[in-house]
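Working notes, beginning with the structure itself.
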Amino acid sequence: MCQIVAEVLSNKNITLNYFKIILNAPEISQNAQPGQFVHIKVTAGSAFLLRRPFSIHNPEDEKLEILYQVVGKGTDLLSKKEKSEKLDLLGPLGQGFELKENFGKVILVAGGIGVAPLYFLAKRLLNHDSKISDQMRPKSRRPKITLLLGAQTRKQILCAQDFKNLGATVKIA
Numbered sequence: 001m002c003q004i005v006a007e008v009l010s011n012k013n014i015t016l017n018y019f020k021i022i023l024n025a026p027e028i029s030q031n032a033q034p035g036q037f038v039h040i041k042v043t044a045g046s047a048f049l050l051r052r053p054f055s056i057h058n059p060e061d062e063k064l065e066i067l068y069q070v071v072g073k074g075t076d077l078l079s080k081k082e083k084s085e086k087l088d089l090l091g092p093l094g095q096g097f098e099l100k101e102n103f104g105k106v107i108l109v110a111g112g113i114g115v116a117p118l119y120f121l122a123k124r125l126l127n128h129d130s131k132i133s134d135q136m137r138p139k140s141r142r143p144k145i146t147l148l149l150g151a152q153t154r155k156q157i158l159c160a161q162d163f164k165n166l167g168a169t170v171k172i173a
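Numbering (full-length UniProt numbering), first residue to last: 1 to 173.
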């Protein structure tokens, strides 16, 4: 775990009140494991003293992608962060998922923003992760992943195409 000041590379609304923020955070992205999270301090002043926890969605080289939903003042402030602004992060935190070799079939279940950490997990299981690309399993030995994905409305379905691009089967509830 480390505390860093990360630069915002982009912060985009992806649908309704859901956003994807991409941060330059190599110290965290290069050490993250699926299922871990970061704590983000949204403001530098005393207005919002408590850090907010966010699942790590996709660490890629020096970049850290986080999906989040605007649900209060803290996440509303986060949604207004612009390119080149700085954020104070702690991470990676948590134990993450316990991964074992030789999964045959994997079923992932998520609703709404709960899908955020599962993309990183699916990438790792399928060896689409840059950390292990030099040890790629043959395609025939990779697990078959099915994602059962739900949300209150169709517009709130997140990342379905991203999972399909990995080769996962996606079932929308």
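The beta carbon of each residue, even a glycine, is placed where N, CA and C say it ideally should be.
Bridge partners - residue i, DSSP secondary structure assignment
i	result
Asn24	Glu7, Lys63
His39	Pro53, Leu90
Val170	Leu147
residue 174	Past the edges of the chain, shown from 1 to 173, lies residue 174, and the structure says nothing about it.
Lys81	Per DSSP, none; premise fails for Lys81.
Thr15	Tyr18
Beta carbon of residue i nearer than 8 Å to that of residue j
i	j	result
Tyr119	Gln69	no
Lys20	Asp88	no
Asn24	Lys63	yes
Ile28	Gly91	yes
Leu16	Gln156	yes
Nearest residue (CA-CA) to residue i, options the options
i	options	result
Asn127	Phe97, Arg142, Cys159	Arg142
Val8	Val71, Glu65, Gln161	Glu65
Asn58	Val71, Leu49, Phe37	Phe37
Cys2	Gly72, Lys86, Ile56, Leu93	Leu93
Lys100	Gly91, Glu85, Leu125	Leu125
Thr153	Asp162, Pro117, Leu147, Gly111	Gly111
Val5	Asn31, Ala44, Gln33, Gln30	Ala44
Thr169	Gln161, Pro26, Thr146	Thr146
Supposed close pair residue i, residue j - CB separation, criterion 8 Å
i	j	result
residue 174	Cys159	One cannot answer for residue 174 here, as it falls past the ends of the chain, which runs 1 to 173.
Gly74	Arg52	5 Å
Ile113	Leu149	Not quite, the Cβ-Cβ distance comes to about 12 Å (not below 8 Å), so this is no contact.
Asn13	Lys81	Not a contact, Cβ separation roughly 12 Å.
Lys105	Lys144	5 Å
Leu166	Ala122	6 Å
Ile56	Pro117	7 Å
beta-carbon residue i near the ligand PLP non-hydrogen atom, thresh 7 Å
i	result
Leu23	The ligand PLP is not among the ligands present in this structure, which contains no ligands whatsoever.
- Let me know the beta strand (DSSP E) ranges lying completely inside the segment 87-168, each 3 residues or longer, listed in chain order. The DSSP assignment places 105-111, 144-150 as complete runs of the beta strand (DSSP E) inside the segment 87-168, in order along the chain (cut-off: 3 residues).
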